[in-house]
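Residue 218 in our numbering sits at position 216 of the sequence shown, and the numbers go up by one each step.
Here is the structure we will look at, set down as structure tokens.
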Amino acid sequence: MGWMIQTEDVRKTYRIGKVDVPALRGVSMQVERGEFVTIVGPSGSGKSTFFYILGGLTHADSGRVTIDGVDFTALSDSARTRMRKSKIGFVFQKFNLLPTLTAEGNIEIARDISGKPSGPAGREYINRITRLLGIDKRLEHRPSEMSGGEQQRVALARALVNQPAIVLADEPTGNLDSQNSEIVLNMLRQSNHELGQTVLMITHNPEAAAYGDRIVHMRDGSIVPPEKDPQWSHAHD
Ligand SMILES: Nc1ncnc2c1ncn2[C@@H]1O[C@H](COP(=O)(O)OP(=O)(O)O)[C@@H](O)[C@H]1O
Ligand SMILES: [Mg+2]
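Structural data, given as structure tokens:
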């Protein structure tokens, strides 16, 4: 099958001093090409750890991660970094923009790193997504001169600029008001539809989770059925 993301029994335990903190206790899941999956679960359930491992930003202790048919966990660090840069766009809760660059600089630098799509076509795409995100008039501003919502819209433009096959977002609306959340979520969904992008988004918010095709529930480092997620059923009471 053409899974875009596949994990098998992924495990990770952090060690703090002499204390083991299990974060992932064997996570197996598949995401289809072009699917928009949301992951929900209480704080501390291992969502971000899973996100970092999927993105090749952290190593799992054991288990396998396959991205677009390639065993991500078996690659050398440099090969994994290349693959990450060409295939994955990241959005974080805390924007992570470079403070000394303008909005445009932050977007351009992501494009420069992977070198595609460049030229006028790339420029046109930047114009289009910055317009759609409502930041086309903010391109000369630095992060400190923008609201949180504007910064996250810039961060999303940066994540999308290379038209990555996969977009990974960890609580992208966690610091946003409802209006900015809607802009960000609509853009993710539109990009998913138009480009057939695979989107995996972590969120606390049931309304945000509903933007995806399918909701995956995590609890205590494992994927669980929805009825085992009290916080979630509570949100729907
Ligand atoms: N860098 C770290 N060092 C030690 N423990 C960590 C680290 N990151 C996360 N943890 C622990 O791992 C567990 C899962 O955390 P995390 O993946 O951040 O969950 P979530 O994103 O669902 O809140 C928690 O118990 C957390 O305290
Ligand atoms: Mg987290």
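By construction, the Cβ of each residue, glycine as well, lies at the ideal position given by its N, Cα and C atoms.
Note that the coordinates shown come from a computational prediction; the quantities given were computed from them, not determined experimentally.
Query - Straight-line Cα distance separating residue 204 from residue 78 - result: Residue 78 sits at position 76 when you count from the first residue of the sequence shown. Residue 204 sits at position 202 when you count from the first residue of the sequence shown. Between the alpha carbons of residue 78 and residue 204 lies a gap of roughly 27 Å.
Query raised in the report: When you compare only the Cα positions, how much space is there between residue 170 and residue 106?
Result: For the purposes of this step, residue 170 is taken as residue 168 along the sequence shown, with counting starting at 1. For the purposes of this step, residue 106 is taken as residue 104 along the sequence shown, with counting starting at 1. Whole-angstrom Cα-Cα distance: 21 Å.
Requested in this report: Please determine, among 228, 220, 194, the residue with the shortest C-alpha to C-alpha distance to residue 253.
Outcome: The first residue shown for the chain is 3 and the last is 239, placing residue 253 beyond what the model contains.
Query raised in the report: Do the stretch 153-166 and the stretch 20-29 make contact, defined as three or more Cβ pairs closer than 8 Å?
Result: no
Query raised in the report: For residue 90, which residues of its own chain have a beta-carbon under 7 Å away from its beta-carbon, when the five flanking residues on both sides are left out?
Result: Numbered from 1 along the sequence shown, position 88 holds the residue referred to as residue 90. Shown here for residue 90: same chain residues with a beta carbon closer than 7 Å to its own, the five before and five after excluded, namely 57, 166, 168, 170 in chain order.
**Report entry** Buried or exposed by the 16-neighbour rule on C-beta atoms within 10 Å, applied to residue 227
**Finding:** As a working mapping, residue 227 is identified with position 225 in the sequence shown. So residue 227 ends up on the exposed side.
Query raised in the report: Just to confirm, are residue 145 and residue 101 a CB contact at a threshold of 7 Å?
Result: Counting from 1 along the sequence shown, the entry for residue 145 is found at position 143. Counting from 1 along the sequence shown, the entry for residue 101 is found at position 99. A Cβ-Cβ contact shorter than 7 Å links residue 145 with residue 101.
Query raised in the report: When the distance is taken between beta carbons, is residue 14 closer than 7 Å to residue 51?
Result: By one-based count along the sequence shown, residue 51 stands at place 49. By one-based count along the sequence shown, residue 14 stands at place 12. For residue 51 and residue 14, yes; Cβs fall inside 7 Å.
Report task. Would you please state the rounded distance, in angstroms, between the beta carbons of residue 12 and residue 65? I believe it to be under 8 Å. Result -> Here residue 12 refers to the residue found at position 10 of the sequence shown. Here residue 65 refers to the residue found at position 63 of the sequence shown. That pair is a contact at about 4 Å.
Query raised in the report: Taking all protein chains shown into account, do 16 or more other C-beta atoms lie within 10 angstroms of the C-beta of residue 213, making it buried, or fewer, making it exposed?
Result: As a position in the sequence shown, residue 213 is number 211, starting the count at 1. The residue in question, residue 213, is buried, as its Cβ has 16 or more Cβ neighbours within 10 Å.
Query raised in the report: Under three-state DSSP, which class holds residue 30?
Result: Taking the sequence shown and counting its residues from 1, the one referred to as residue 30 is at position 28. Note: residue 30 maps to strand in three-state DSSP.
**Report entry** Top-ranked residue by Cα proximity to residue 176, from 150, 133, 48, 112
**Finding:** Walking along the sequence shown from the start, residue 176 turns up at place 174. Of the listed residues, the one whose Cα sits closest to residue 176 is 150.
**Report entry** For residue 16: DSSP bridge partner residues
**Finding:** Here residue 16 is taken as the residue at index 14 of the sequence shown, counted from 1. In DSSP, residue 16 forms a bridge with 23.
Query raised in the report: What's the C-alpha gap between residue 131 and residue 93?
Result: Walking along the sequence shown from the start, residue 131 turns up at place 129. Walking along the sequence shown from the start, residue 93 turns up at place 91. Between residue 131 and residue 93, the C-alpha separation is close to 15 Å.
**Report entry** 7 Å CB neighbourhood of residue 187 in its chain, flanking five on each side removed
**Finding:** On the sequence shown, position 185 is the one that residue 187 refers to. Closer than 7 Å at Cβ, skipping near neighbours: 175, 210, 213.
Requested in this report: Pick out the complete beta strand (DSSP E) segments inside the stretch 40-79, 3 residues or longer, and give them in chain order.
Outcome: 64-69
Query raised in the report: Across which residues does DSSP place residue 8 in a beta bridge pair?
Result: The residue you call residue 8 lines up with position 6 of the sequence shown. Per DSSP, 32, 68.
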